[in-house]
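Some notes on the structure that comes next.
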Amino acid sequence: MKRSTSHRALLYGRSAALGCVVLLLLVAGVLSSWSSAQHIVLAKGREHGAMAVTGCGADVCTGPFTPAEHATARPRVTIERSVAVKKGDRFPVVVKPGTDEVVRTGVPGFLHSWVPLGGALLLAALIIGGGLRLTRTAWGTGIAGAVLLVATFIAL
132 MKRSTSHRAL
142 LYGRSAALGC
152 VVLLLLVAGV
162 LSSWSSAQHI
172 VLAKGREHGA
182 MAVTGCGADV
192 CTGPFTPAEH
202 ATARPRVTIE
212 RSVAVKKGDR
222 FPVVVKPGTD
232 EVVRTGVPGF
242 LHSWVPLGGA
252 LLLAALIIGG
262 GLRLTRTAWG
272 TGIAGAVLLV
282 ATFIAL
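For what it's worth, my numbering labels the leading residue of the sequence shown as 132, then goes sequentially.
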């Protein structure tokens, strides 16, 4: 049975729409991750040091910043609260320019900053496999997202 032109146009339109949704998910994941990852990836010239967590609120944890090399000591800096930050912890950080906010550095900090991309990869894999019917690509995308999330869990 031959497919009509309108049926083919509908299939192409569906594929284009789903491709746009996948692209939107991945771009949103990268942009969300980049907001904190940029301070780790492009850390040259920023203030490096260590933070000792002395207290945690609902959204942020605070503590003193001990500088390394050319940074300035600060009595109170803040870091976004996560399951990996507890009172009494001490870890390496980099200060966001012009603020008293810090971002965790090293492998755990790097992986943690890319968690939104890992989630976006998992969601995109469902659309790639189910909607676009590209199963190998979907498996690769899903495995990449899962590996990123599991590596972050192990590192933290």
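We treat Cβ as the ideally placed atom computed from N, Cα and C, and that holds for glycine.
Item                                                                                                                                                                             : Value
Would you report the Cα separation of leucine 141 and leucine 257, rounded to the nearest angstrom?                                                                              : 21 angstroms
Which residues mark the beginning and the end of the beta strand (DSSP E) in which proline 198 is found?                                                                         : 191-198
By DSSP's criteria, threonine 209 is part of a beta bridge. Which residues make up the other side?                                                                               : Thr193, Glu232
I'd like to check one pair, threonine 236 with valine 224: are the Cβ atoms closer than 8 angstroms?                                                                             : yes
Could you tell me which of Leu279, Thr203, His138, Cys192 sits nearest to histidine 179, measuring between CA atoms?                                                             : Thr203
Only counting the same chain, and skipping five residues up and downstream in sequence, which positions put a Cβ closer than 6 angstroms to that of aspartate 220?               : Val184
If glycine 186 and lysine 218 are in contact, beta carbons under 8 angstroms, what's the gap, nearest whole angstrom?                                                            : 6 angstroms
Using the Cα positions of phenylalanine 284 and arginine 212, report the straight-line distance between them to the nearest angstrom.                                            : 15 angstroms
Near alanine 286, what residues of its chain come up, given a Cβ to Cβ distance below 6 angstroms and the 5 sequence neighbours on each side ignored?                            : Val238, Pro239, Leu242
Would DSSP call glycine 249 helix, strand or coil?                                                                                                                               : helix
Please determine, among Gly249, Leu263, Leu254, the residue with the shortest C-alpha to C-alpha distance to alanine 275.                                                        : Gly249
In chain order, what residues of the same chain have a beta carbon less than 7 angstroms from the beta carbon of proline 198, not counting five sequence neighbours either side? : Glu178, Gly180, Ala204
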